[in-house]
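To start, the structure itself, in structure tokens.
There are 2 protein chains.
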Amino acid sequence: MTISEENYIKVIYHLSLVSPKGVNTNAIAGMLDTKASSVTDMMKKLSDKDLVSYQKYQGVTLTEKGFHSAKMIVRKHRLWEVFLVDKLGFSWDEVHEIAEELEHIKSEQLINKLDAFLGFPAADPHGDPIPDAKGVIKKIEKQLLSEVEINASFHCVGVKDSSTDFLKYLDKQKIALGSVVKVIDKEDFDDTLTVEIDGKRLTISNKIANNLYVQ
Amino acid sequence: MTISEENYIKVIYHLSLVSPKGVNTNAIAGMLDTKASSVTDMMKKLSDKDLVSYQKYQGVTLTEKGFHSAKMIVRKHRLWEVFLVDKLGFSWDEVHEIAEELEHIKSEQLINKLDAFLGFPAADPHGDPIPDAKGVIKKIEKQLLSEVEINASFHCVGVKDSSTDFLKYLDKQKIALGSVVKVIDKEDFDDTLTVEIDGKRLTISNKIANNLYVQ
DNA sequence: TTTTATTTTTAGATTTGTCTAAATTTAATT
DNA sequence: AATTAAATTTAGACAAATCTAAAAATAAAA
Chain F
1 MTISEENYIK
11 VIYHLSLVSP
21 KGVNTNAIAG
31 MLDTKASSVT
41 DMMKKLSDKD
51 LVSYQKYQGV
61 TLTEKGFHSA
71 KMIVRKHRLW
81 EVFLVDKLGF
91 SWDEVHEIAE
101 ELEHIKSEQL
111 INKLDAFLGF
121 PAADPHGDPI
131 PDAKGVIKKI
141 EKQLLSEVEI
151 NASFHCVGVK
161 DSSTDFLKYL
171 DKQKIALGSV
181 VKVIDKEDFD
191 DTLTVEIDGK
201 RLTISNKIAN
211 NLYVQ
Chain Z
1 MTISEENYIK
11 VIYHLSLVSP
21 KGVNTNAIAG
31 MLDTKASSVT
41 DMMKKLSDKD
51 LVSYQKYQGV
61 TLTEKGFHSA
71 KMIVRKHRLW
81 EVFLVDKLGF
91 SWDEVHEIAE
101 ELEHIKSEQL
111 INKLDAFLGF
121 PAADPHGDPI
131 PDAKGVIKKI
141 EKQLLSEVEI
151 NASFHCVGVK
161 DSSTDFLKYL
171 DKQKIALGSV
181 VKVIDKEDFD
191 DTLTVEIDGK
201 RLTISNKIAN
211 NLYVQ
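Encoded structure:
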């Protein structure tokens with residue numbers, strides 16, 4: 001697979017999680033910042049290689065083969081992110097772009113040795129699960145902070161939105177994966193939350209709460 | 001720079017060390033397993049980018065800019081090799097190909113953090129020096145084992161030939177960088193050496209001795 | 001159910017890096 | 001110095017991945 005093909009497969013994988021019945025041409029084009037016509041061209045090629053099933057105007061889905069390839073790319077991306085944060089000292093908002101390059105390095109031996117070196121981590125720095133060497137993904141039990149009951153305690157296990165702005169906000173508020181959150185109160189009008197994080201009281205907008213996973 | 005451009009620059013760099021007056025089109029084509037006409041095309045492009053100075057039929061040399069780029073690529077290649085051997089447990093004959101891919105990852109911050117993580121190594125697993133962040137290369141004092149005087153002791157500091165076969169031969173004979181070598185005798189007829197390596201006596205052909213650096 | 005709007009695909013062009021085959025230049029040999 | 005050989009460059013073509021503009025199909029609205 002070329003880097004370009006891998007990028008298409010990866011995007012189709014992520015979009016499939018939201019629309020499992022078939023991914024739209026325009027949606028793919030939007031994610032890859034390319035034109036719909038380019039997507040159509042590539043779908044024909046990926047279909048010839050039996051990585052996607054594609055019928056004109058009907059959207060695409062990954063084949064078994066394409067699904068497995070996608071998970072291997074995601075595995076590589078997330079393992080490299082762990083390496084960058086845990087070993088090299090990058091912060092969690094700096095690693096995505098570098099991992100976008102590293103995920104295309106080919107050697108399977110490399111990624112399995114890296115996995116071992118990192119201690120077989122279950123999740124990347126944003127809390128997203130890492131597929132194992134066979135492609136198995138252990139689902140992480142989690143709820144959005146915006147949806148949990150009041151007066152209960154949780155700990156942060158992941159973010160839904162990994163944008164730099166959101167991650168930097170969390171850093172500023174000293175919220176990290178593993179932090180303990182107790183929901184004190186929820187405002188009826190706009191769903192603003194009052195929470196206690198690692199003992200400190202804090203007010204959190206619904207938009208924030210809607211992007212933070214807890215367990 | 002594209003990956004292809006980087007590969008050309010790197011090859012010109014290595015060939016320049018042997019022919020500093022100008023590198024031949026055919027020599028480049030040979031190293032990159034491509035055709036002379038492709039090299040000519042690329043030389044025009046690299047010349048337009050001020051990475052090489054090129055005049056028809058006269059061979060090419062690197063400009064200041066090209067020279068610096070080359071050293072940064074070599075730096076990345078060798079640091080990744082150290083990572084693969086020291087941290088992931090690859091053997092020294094397995095790392096070249098993977099490093100060929102890793103050397104094209106773009107982030108400067110990444111490579112400097114990797115350098116620090118590895119403890120600012122001076123040389124890669126084959127004994128080749130690693131340029132620092134500014135491109136400075138500390139020359140490693142070394143001689144070929146085939147050229148040293150008899151009855152003196154040295155230690156192995158590098159290999160000239162990094163082919164799998166040669167490296168595997170050294171592994172088999174338990175010769176590693178750091179091993180202590182004493183030259184006992186040299187056969188006049190074919191320059192075969194009798195040596196003592198880490199205490200064990202061994203007979204070594206001139207071809208071997210001519211690919212092993214000692215200090 | 002037409003008509004309109006949106007989405008998707010086709011057709012043809014472009015760029016990058018490569019190739020083959022022919023032409024040109026330089027080097028080597030007689 | 002003339003001829004032959006080798007190296008290098010040019011010209012034209014091709015595959016991969018992309019684009020624009022036009023055509024076709026599907027979905028939405030009147």
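Sequence order for the protein chains is F and Z.
Everything in the first sequence is counted per full-length UniProt numbering, starting at 1 for the first residue and increasing by one.
Everything in the second sequence is counted per full-length UniProt numbering, starting at 1 for the first residue and increasing by one.
Beta carbons are placed, not taken as given, at the ideal position from N, Cα and C, and that holds for glycine.
Predicted, not measured: the structure shown is a model, and the values here were computed from it.
### Query
Can you pull the DSSP bridge partners for lysine 182 of chain Z?
On the second sequence, position 182 is the one that residue 182 of chain Z refers to. The bridge partners DSSP lists for lysine 182 of chain Z are Z:Ser153 and Z:Glu196.
### Task
Alpha carbon to alpha carbon, how far is aspartate 171 of chain Z from tyrosine 57 of chain F? Give it in angstroms, no decimals.
In the first sequence, the residue the question calls residue 57 of chain F occupies position 57. In the second sequence, the residue the question calls residue 171 of chain Z occupies position 171. Going from the Cα of tyrosine 57 of chain F to the Cα of aspartate 171 of chain Z covers about 59 Å.
### Under the three-state DSSP convention, the category isoleucine 28 of chain Z falls into
On the second sequence, position 28 is the one that residue 28 of chain Z refers to. In the structure shown, the three-state DSSP call for isoleucine 28 of chain Z is helix.
### Contact set between the segment 106-120 of chain Z and chain F, restricted to residues whose Cβ is under 7 Å from the partner
Listed by position along the chain: Lys106, Ser107, Leu110, Lys113, Leu114 and Phe117.
### Task
On a CA-only basis, which of Z:Gln215, Z:Met72 and Z:Asp188 is nearest glutamine 143 of chain Z? Give me that one, please.
Walking along the second sequence from the start, residue 143 of chain Z turns up at place 143. Out of Z:Gln215, Z:Met72 and Z:Asp188, Z:Gln215 has the C-alpha closest to the C-alpha of glutamine 143 of chain Z.
#### Entry: Member of Z:Ala27, Z:Met1, Z:Ile3 and Z:Leu102 whose CA lies at the smallest distance from the CA of isoleucine 12 of chain Z
On the second sequence, residue 12 of chain Z is found 12 positions in, with the first residue counted as 1. Taking only the C-alpha atoms, the option nearest isoleucine 12 of chain Z is Z:Ala27.
### Message
Closest to isoleucine 150 of chain F by C-alpha separation, out of F:Ala70, F:Gly66 and F:Lys186, would be which residue?
### Response
The count along the first sequence starts at 1 and reaches residue 150 of chain F at position 150. Answer by Cα proximity: F:Lys186.
### Message
So, for glycine 59 of chain Z: in the same chain, excluding its five sequence neighbours on each side, which residues have a beta-carbon less than 6 Å away from its beta-carbon?
### Response
Position 59 of the second sequence, counted from the first residue, corresponds to residue 59 of chain Z. Short of 6 Å from the beta carbon of glycine 59 of chain Z, and not among the five residues preceding or following it, lie these beta carbons of its own chain, in chain order: Gly22, Val23 and Asn24.
### Query
In terms of residue numbering, what span does the beta strand (DSSP E) encompassing threonine 61 of chain Z cover?
Taking the first residue of the second sequence as position 1, residue 61 of chain Z is located at position 61. Residues 60-62.
### Presumed contact (8 Å Cβ cut-off) between glycine 158 of chain Z and leucine 145 of chain Z, rounded CB distance
Here residue 158 of chain Z corresponds to residue number 158 of the second sequence, with the count starting at 1. Here residue 145 of chain Z corresponds to residue number 145 of the second sequence, with the count starting at 1. About 11 Å separates the two Cβ atoms, so there is no contact after all.
### Query
With a CB to CB cut of under 8 Å and the five nearest residues on each side skipped, what residues in its chain are close to lysine 44 of chain F?
Taking the first residue of the first sequence as position 1, residue 44 of chain F is located at position 44. Closer than 8 Å at Cβ, skipping near neighbours: Tyr54.
### Message
Taking 6 Å as the cut-off, is the C-beta of lysine 138 of chain Z nearer than that to any heavy atom in the ligand NAD?
### Response
By its list of ligands, the structure shown contains no ligand whatsoever, and the ligand NAD lies outside what it can speak to.
### Query
Could you give the residue range of the beta strand (DSSP E) that holds leucine 212 of chain Z?
Locating residue 212 of chain Z in the second sequence gives position 212, where the first residue counts as 1. Element bounds for leucine 212 of chain Z: 212-214.
### Query
By a C-beta neighbour count over all protein chains shown, 10 Å radius and 16 as the cutoff for buried, is serine 163 of chain F buried or exposed?
Looking up residue 163 of chain F in the first sequence gives position 163. Around the beta carbon of serine 163 of chain F, fewer than 16 other beta carbons sit within 10 angstroms, so the residue counts as exposed.
### Task
List the residues of chain Z that isoleucine 98 of chain F touches, going by C-beta distances under 9 Å, in chain order.
Translated into positions along the first sequence, residue 98 of chain F becomes position 98. Contact of isoleucine 98 of chain F with chain Z by beta-carbon distance below 9 Å involves Ile105, Lys106, Ser107, Gln109 and Leu110.
### Supposed close pair arginine 78 of chain Z, aspartate 124 of chain Z - CB separation, criterion 8 Å
Mapped onto the second sequence, residue 78 of chain Z falls at position 78. Mapped onto the second sequence, residue 124 of chain Z falls at position 124. Between arginine 78 of chain Z and aspartate 124 of chain Z a beta carbon distance of about 4 Å is seen, short of the 8 Å cut, so the two are scored as contacting.
#### Entry: Contact set for lysine 35 of chain F: own chain, Cβ-Cβ below 8 Å, skip 5 residues either direction
Counted from its first residue, the first sequence places residue 35 of chain F at position 35. Within the same chain, lysine 35 of chain F has close Cβ partners Ala29.
### Opening and closing residue of the alpha helix (DSSP H) in which serine 38 of chain F lies
Within the first sequence, the letter at position 38 stands for residue 38 of chain F. It spans 36-48 - the alpha helix (DSSP H) in which serine 38 of chain F sits, taken as one unbroken run.
### Query
How big is the Cα-Cα spacing for phenylalanine 154 of chain Z and alanine 209 of chain Z?
Position 154 of the second sequence holds residue 154 of chain Z. Position 209 of the second sequence holds residue 209 of chain Z. Spanning the two alpha carbons is a distance of roughly 13 Å.
### Message
From the DSSP secondary-structure annotation, give me the bridge partner or partners of leucine 144 of chain Z.
### Response
For the purposes of this step, residue 144 of chain Z is taken as the residue at position 144 of the second sequence. Bridge partners of leucine 144 of chain Z: Z:Tyr213.
#### Entry: Identity of the residue in F:Val195, F:Asp191, F:Asp188 and F:Asp165 nearest serine 179 of chain F by Cα
As a working note, residue 179 of chain F is residue 179 in the first sequence. Out of F:Val195, F:Asp191, F:Asp188 and F:Asp165, F:Val195 has the C-alpha closest to the C-alpha of serine 179 of chain F.
### Task
Pick helix, strand or coil for valine 82 of chain F, following the three-state DSSP scheme.
The residue given as residue 82 of chain F occupies position 82 in the first sequence. Valine 82 of chain F sits in a helix when the DSSP states are folded into three classes.
### Task
With 7 Å as the threshold, decide whether the Cβ of glutamate 149 of chain Z is near any Cβ in chain F.
Start at 1 with the first residue of the second sequence, and residue 149 of chain Z comes out as number 149. Glutamate 149 of chain Z does not count as touching chain F.
### Task
Compare the C-alpha of lysine 200 of chain Z against each of Z:Lys207, Z:Thr192 and Z:Ile175 and name the closest.
Mapped onto the second sequence, residue 200 of chain Z falls at position 200. When C-alpha distances from lysine 200 of chain Z are compared across Z:Lys207, Z:Thr192 and Z:Ile175, the shortest belongs to Z:Ile175.
### Task
Would you mind stating whether serine 107 of chain Z and isoleucine 137 of chain F have Cβ atoms separated by less than 7 Å?
Counting from 1 along the second sequence, the entry for residue 107 of chain Z is found at position 107. Counting from 1 along the first sequence, the entry for residue 137 of chain F is found at position 137. It is not a contact, given that the beta carbons lie outside the stated cut-off.
#### Entry: Residue(s) in a DSSP beta bridge with isoleucine 204 of chain Z
Taking the second sequence and counting its residues from 1, the one referred to as residue 204 of chain Z is at position 204. Residue pairing by DSSP places isoleucine 204 of chain Z opposite Z:Leu193 in a beta bridge.
#### Entry: Nearest neighbour of isoleucine 140 of chain F, chosen from F:Lys160, F:Lys87 and F:Ala152 [CA to CA]
Taking the first sequence and counting its residues from 1, the one referred to as residue 140 of chain F is at position 140. Answer by Cα proximity: F:Lys160.
### Query
Going by Cα to Cα distance, which pick from F:Ile111, F:Glu100, F:Gly89 and F:Lys168 is closest to glutamine 109 of chain Z?
As a position in the second sequence, residue 109 of chain Z is number 109, starting the count at 1. With distances taken between Cα atoms, glutamine 109 of chain Z lies closest to F:Gly89.
### Task
Establish whether the CB of glutamate 101 of chain Z and some CB of chain F are separated by less than 7 Å.
In the second sequence, residue 101 of chain Z corresponds to position 101, counting from 1. Yes - at least one Cβ of chain F is within 7 Å of the one on glutamate 101 of chain Z.
### Query
Can you find a C-beta in chain Z that's less than 7 Å from the C-beta of lysine 76 of chain F?
Translated into the one-based positions of the first sequence, residue 76 of chain F becomes position 76. For lysine 76 of chain F, the answer is no, since every Cβ of chain Z falls outside 7 Å of its Cβ.
### Task
Taking only the alpha-carbon atoms, compute the straight-line gap between lysine 113 of chain Z and isoleucine 105 of chain Z and give it to the nearest angstrom.
Along the second sequence, one-based indexing puts residue 113 of chain Z at 113. Along the second sequence, one-based indexing puts residue 105 of chain Z at 105. Rounded to the nearest angstrom, the two C-alpha atoms are 13 Å apart.
### Query
Quick one: does leucine 88 of chain F have its CB under 7 Å from some CB of chain Z?
If you number the first sequence from 1, residue 88 of chain F lands on position 88. By the rule that beta-carbons nearer than 7 Å mark a contact, leucine 88 of chain F touches chain Z.
### Message
Measuring straight from C-alpha to C-alpha, what distance separates aspartate 33 of chain F and tyrosine 8 of chain F?
### Response
Within the first sequence, the letter at position 33 stands for residue 33 of chain F. Within the first sequence, the letter at position 8 stands for residue 8 of chain F. If I take the Cα positions, the gap works out to 11 Å.
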